[in-house]
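Trainee: Residue numbers for the sequence shown follow my numbering, so the first one is 1 and each next one is one higher. By construction, the Cβ of each residue, glycine as well, lies at the ideal position given by its N, Cα and C atoms. Pasting in a structure now, in structure tokens, and then I'll have a few things to ask.
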Amino acid sequence: MNRRDFCELIAAAAASGLLSANFNGAARAASPIDGEASRAANANYPNDRAPLGQSRYVKLPLGAVRPSGWLLDQLTLQARGITSHLPELWDVVGESAWKGDAGKNVRDGVFDTNARFVPRWLEGLTMLAGVLHDDELMAIGKPYMDHALSVKDLASVTPSVIAWSWLARVMPEYHEVTGDPRAIQFVRTFLDYADTVREPENLAVFSSKWSGVLLSCGIWYYNQTGDADVPALLQRCTKRCIDDFVNYFRNFPKDPKVFAEMCDFVPHYCDAKGKAGEPAYEGPTPIGRHGFTAVMALGYPAFHSLISGDRSERESVVQGMANLDQAYGQVGGRWGADGWLVSTDPIVGTETCAVGQSFFPLENILAIMGNVEVADRIEQLIFNAFPGACTADMWARQFYTQSNQVLVSVAKRPWNSPGTDAANIYGFKPCYPGPLADVHAPWPRYVASMCMATADSGLAAMSYGPCRINAKVGNGVSIELIVETDYPFSDRVRVAVHCNEPVNFPLHFRIPTWSSQAEVFVSGKATPWRPESGTMLKVEREWKNGDVVTLHFNFKVRTETRQNNAVAVAWGPLYFVLRIREAFEKIPALPVYRTDQPPASAPPGCVDWHIAPVNDWNYALSIDRSNPQCEMIFNKVSSMPFAQKGEPVRAPGSTEYLPWQHDVPMLLKMKARLVPHWGMNGANAAPVPTSPVKTNQPETVVELIPYGCSRLRIAEFPTV
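Here you go:
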């Protein structure tokens, strides 16, 4: 079934009062390869094909979860903004070998990564088109997909396996949306190519430490075809990568001094100076300390466990995240890695690329392993670190984003990468253009993984937000779930069941770790369930049309202790930061590090921003950490959910930047005192004074706003 036929099916179903989710099967029927023949006949959404292990949950077809409410506004903002306009704004996308412009913008090597940018944008474009059911977005990507899927010699576009892997990993969603049988054959062509170029190792072509990227598309291809050659091919290409990262995550060196002696780009074969020789460190395998690589690698052992059956590989993922949190954890679920993993210091930057690329491994870890804490982290990242690294209109983004960020400027900061003076400004492609390619997929990936299918022919609500879910349950019965909520700006979620006839099936609901005495009310049940936080609640019954489940998570304001005994403030998945009045100033674009030759000006309508504080930011909170008191104010969620009042934004369809007229969705008012001796250290805020601090300043009231609504912020406070 093509895209237009699908939309007509949706329209017809909507007219009858019930949307159908049958398009996945129809799309596969268009393929000459029978992907269902040897799989469970009564499964609505088949799990992994034997002899692979079984995933805990199965992702629904792309488009089965459709955003509504504020979430629809957010995705529409992106779709009508930078994502759909990128080919006309960025020459790397507009004229590219990926759509047949021979030799254009595809140089690749250890540092020159132009070849990877177009497929990373295409991944987000495809995901966004799928969740929005948007033909126009699909049409923008069509010339690229048509050329890439028809090319016979992959190296004629780029020899880089890593670059091709980004295109390959979105083939499941592309195939679900279009039914294009070339998607299946392309993955086999890609896997064969990777297998033929893996030895000898050449970083511009194949890197063993990145080879785990083959697993996701390879497993999908095997599930579609049952091609018996594929598991062995994947083992040949990825075993060294898996062994290295499993060991790395289990025996993680937490001392940054260790990393100073470790090679970052060529594991195994270099010493501290990057020359041929024995590894300088005799401990865990020296993978390196590149934060982006570590984030991507989290998913590799989980995928590989489906092939190997080795549960310890899954355990290494959990251990790896715990080790990363302990040594490098930052407010909002990210890890401190301004290029290289650094520390928990709140002025340490994190690549927006690493934040954006977190969602693919995490959503797949969640599906394979089912850990509630992984869903918690996904929500923290999507509601805090990711929107905080972009302007509210998504037209500009940072290269490095900080937790305590009191000045956005072109200046030398103690980053670990050279040539990064412009790394923390918000702009078109500040410092390095990776984030410009990586900001398109997080929001649609979040929506697509909000609900998953379960082994008991039910559905599991893994994350929350306003949406409509169309899926099959029980013995193939089509239902619709309408989720009404302002989550995360509310702790209440209402789920209405719509079905043509009564149907028995289970609904599973994630109870977030930060819930406090959660209550779940179900139609016809006199008393609510009171499930424990950090668990999955299963509600199995015969559901009738109009039945409603109401979840009340009862979030409480809580604190987290950080470095120097500082404190972070949170409510639900949201972290709250000091509201700093922000003065935006347009600045000329700078040459882009390593990639573009000067001048590298922003295209018309795109702006690079210098942002300075207008008021004091050096406050200590006057609170009881165990029972923080505050006034909470809730506002209507606007059509630009992460904008502050007065922030210059570019609305869809406009080229002007105008002050936003609406306030943030919610804010906290807390008591605080100014700390005059806490000031600047160069262009950064100085280290947070060790708490408790002494100050003779009078007590006042400050406003804290959601992290994602801020461009300047203090997320880690001292206390008095």
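1) Are the beta-carbon atoms belonging to residue 513 and residue 373 less than 8 angstroms from one another?
2) For residue 718 and residue 675, what's the separation of their Cα atoms in angstroms?
3) If we count Cβ pairs, one from each stretch, closer than 8 angstroms, do we get three or more for the segment 214-222 versus the segment 160-176?
4) What does DSSP give as the partner residue(s) for residue 209 in the beta ladder?
5) Answer with buried or exposed for residue 424, where buried requires no fewer than 16 other C-beta atoms within 10 angstroms of its C-beta.
6) Which residues in the same chain have their Cβ closer than 8 angstroms to the Cβ of residue 583, if we skip the five residues on either side of it in sequence?
7) Tell me whether the beta-carbon of residue 62 lies closer than 8 angstroms to the beta-carbon of residue 176.
8) What are the partner residues of residue 506, as DSSP defines its beta bridges?
9) Answer with buried or exposed for residue 342, where buried requires no fewer than 16 other C-beta atoms within 10 angstroms of its C-beta.
10) In whole angstroms, give me the CA-to-CA distance for residue 413 and residue 337.
11) Between residue 189 and residue 106, how many whole angstroms is the CB-CB distance? I'm expecting something under 8 angstroms.
12) Say the cut is 7 angstroms; is the CB of residue 65 nearer than that to a heavy atom of the ligand ZN?
13) Could you name the residues of the same chain whose beta carbon sits closer than 8 angstroms to that of residue 704, not counting the 5 residues immediately before and after it, in chain order?
14) Pick out whichever of 441, 550, 706 and 407 has its Cα sitting closest to the Cα of residue 617.
15) With residue 470 as the anchor, note down where its beta strand (DSSP E) starts and where it stops.
16) Please classify residue 724 as buried or exposed, where buried requires at least 16 other C-beta atoms within 10 Å of its C-beta.
17) In whole angstroms, what separates the C-alpha of residue 297 from that of residue 545?
18) Alpha helix (DSSP H) containing residue 239: first to last residue?
19) Note down the Cα distance separating residue 10 from residue 411, rounded to an integer number of angstroms.
20) List the endpoints of the continuous alpha helix (DSSP H) containing residue 674.
21) In terms of alpha-carbon separation, which member of 632, 302 and 389 lies closest to residue 249?
22) Could you spell out the range, first to last residue, of the beta strand (DSSP E) harbouring residue 478?
23) Quick check on residue 658: buried or exposed, where buried means 16 or more other Cβ atoms within 10 Å of its Cβ?
24) Could you round the C-beta distance between residue 162 and residue 116 to whole angstroms and report it? I think they count as a contact, below 8 angstroms.
25) So what's residue 643 in DSSP terms, helix, strand or just coil?
26) In whole angstroms, what separates the C-alpha of residue 558 from that of residue 628?
27) From residue 137 to residue 700, what does the alpha carbon distance come to, in whole angstroms?
28) Can you tell me where the alpha helix (DSSP H) with residue 311 in it begins and where it stops?
29) Out of 60, 75, 487 and 164, which one is the CA nearest neighbour of residue 113?
30) Would you report the Cα separation of residue 91 and residue 130, rounded to the nearest angstrom?
31) Around the Cβ of residue 404, are there at least 16 other Cβ atoms within 10 angstroms (buried) or fewer (exposed)?
32) Compute the distance between the beta-carbons of residue 477 and residue 485, then report whether it is under 8 angstroms.
33) Taking the alpha carbon of residue 140 as the point to measure from, which residue in 102, 556, 127 and 87 has its own alpha carbon closest?
34) Using 10 angstroms around the beta-carbon of residue 640, count the other beta-carbons present and answer buried if the total reaches 16, otherwise exposed.
35) So for residue 452, helix, strand or coil by DSSP?
36) Report the residue from 458, 391, 427 and 198 whose alpha carbon sits nearest the alpha carbon of residue 645.
Mentor: In this structure, then:
1) Within the sequence shown, the letter at position 513 stands for residue 513. Within the sequence shown, the letter at position 373 stands for residue 373. For residue 513 and residue 373, yes; Cβs fall inside 8 angstroms.
2) For this step, residue 718 is matched to residue 718 along the sequence shown. For this step, residue 675 is matched to residue 675 along the sequence shown. If I take the Cα positions, the gap works out to 9 angstroms.
3) yes
4) By one-based count along the sequence shown, residue 209 stands at place 209. None; residue 209 has no bridge partner.
5) Counted from its first residue, the sequence shown places residue 424 at position 424. Classification for residue 424: buried.
6) Mapped onto the sequence shown, residue 583 falls at position 583. Excluding positions up to five away in sequence, the list reads 611, 612, 613 and 614.
7) For the purposes of this step, residue 62 is taken as residue 62 along the sequence shown, with counting starting at 1. For the purposes of this step, residue 176 is taken as residue 176 along the sequence shown, with counting starting at 1. Yes. Within cutoff.
8) Position 506 of the sequence shown, counted from the first residue, corresponds to residue 506. In the DSSP output, where bridge partners are listed per residue, residue 506 has 540.
9) If you number the sequence shown from 1, residue 342 lands on position 342. So residue 342 counts as buried.
10) Position 413 of the sequence shown, counting from 1, holds the residue named residue 413. Position 337 of the sequence shown, counting from 1, holds the residue named residue 337. Computed Cα separation, rounded: 14 angstroms.
11) As a position in the sequence shown, residue 189 is number 189, starting the count at 1. As a position in the sequence shown, residue 106 is number 106, starting the count at 1. With a Cβ gap of about 18 angstroms, residue 189 and residue 106 do not count as contacting.
12) Absence of the ligand ZN is noted for the structure shown, with no ligands found whatsoever.
13) Taking the first residue of the sequence shown as position 1, residue 704 is located at position 704. These residues qualify, in order along the chain: 569, 576, 577, 578, 579, 630, 667, 668, 669 and 670.
14) Along the sequence shown, one-based indexing puts residue 617 at 617. Nearest of 441, 550, 706 and 407 to residue 617, Cα basis: 407.
15) Position 470 of the sequence shown, counted from the first residue, corresponds to residue 470. Here the beta strand (DSSP E) through residue 470 covers 467-473.
16) Absent from the structure is residue 724, since the part of the chain shown begins at 1 and ends at 720.
17) As a working mapping, residue 297 is identified with position 297 in the sequence shown. As a working mapping, residue 545 is identified with position 545 in the sequence shown. So the two alpha carbons sit approximately 44 angstroms from each other.
18) Within the sequence shown, residue 239 is the residue found at index 239, counting from 1. Residue 239 -> alpha helix (DSSP H) spans 230-250.
19) Here residue 10 corresponds to residue number 10 of the sequence shown, with the count starting at 1. Here residue 411 corresponds to residue number 411 of the sequence shown, with the count starting at 1. Because residue 10 sits at a pLDDT of 36, beneath the cut-off of 50, its placement in the model cannot be relied upon, and the point is left open.
20) Taking the first residue of the sequence shown as position 1, residue 674 is located at position 674. From DSSP, residue 674 is part of no alpha helix (DSSP H) but of the beta strand (DSSP E) over 666-674.
21) If you number the sequence shown from 1, residue 249 lands on position 249. Of the candidates 632, 302 and 389, the one whose C-alpha sits nearest the C-alpha of residue 249 is 302.
22) The residue given as residue 478 occupies position 478 in the sequence shown. Taken as a continuous stretch (DSSP letters only), the beta strand (DSSP E) holding residue 478 covers 477-484.
23) Walking along the sequence shown from the start, residue 658 turns up at place 658. Residue 658 comes out exposed.
24) For the purposes of this step, residue 162 is identified with residue 162 of the sequence shown, where counting begins at 1. For the purposes of this step, residue 116 is identified with residue 116 of the sequence shown, where counting begins at 1. Between residue 116 and residue 162 the Cβ distance is about 6 angstroms, and since that is below 8 angstroms, they are a contact.
25) To locate residue 643, count along the sequence shown from 1; it is residue 643. Three-state result, residue 643: coil.
26) As a first step, residue 558 must be located in the sequence shown, where it is residue number 558. As a first step, residue 628 must be located in the sequence shown, where it is residue number 628. Roughly 7 angstroms separates the two Cα atoms.
27) Stepping through the sequence shown from its first residue, residue 137 is reached at position 137. Stepping through the sequence shown from its first residue, residue 700 is reached at position 700. Taking the straight line joining both Cα atoms gives about 49 angstroms.
28) For the purposes of this step, residue 311 is taken as the residue at position 311 of the sequence shown. Element bounds for residue 311: 311-328.
29) Reading the sequence shown from its first residue, position 113 is the one you call residue 113. The residue with the shortest Cα to Cα distance from residue 113 is 164.
30) Within the sequence shown, residue 91 is the residue found at index 91, counting from 1. Within the sequence shown, residue 130 is the residue found at index 130, counting from 1. Going by the C-alpha atoms only, they are around 25 angstroms apart.
31) Taking the sequence shown and counting its residues from 1, one reaches residue 404 at position 404. Classification of residue 404: buried, given that the 10 Å Cβ count is 16 or more.
32) Walking along the sequence shown from the start, residue 477 turns up at place 477. Walking along the sequence shown from the start, residue 485 turns up at place 485. Taking 8 angstroms as the Cβ cut-off, residue 477 and residue 485 do not qualify as a contacting pair.
33) As a working mapping, residue 140 is identified with position 140 in the sequence shown. For residue 140, the nearest C-alpha among the options comes from 87.
34) One-based indexing of the sequence shown puts residue 640 at position 640. Buried: at least 16 other Cβ atoms inside 10 Å.
35) The residue you call residue 452 lines up with position 452 of the sequence shown. It is a strand residue.
36) For the purposes of this step, residue 645 is identified with residue 645 of the sequence shown, where counting begins at 1. Residue 645 has its Cα closest to that of 391, out of 458, 391, 427 and 198.
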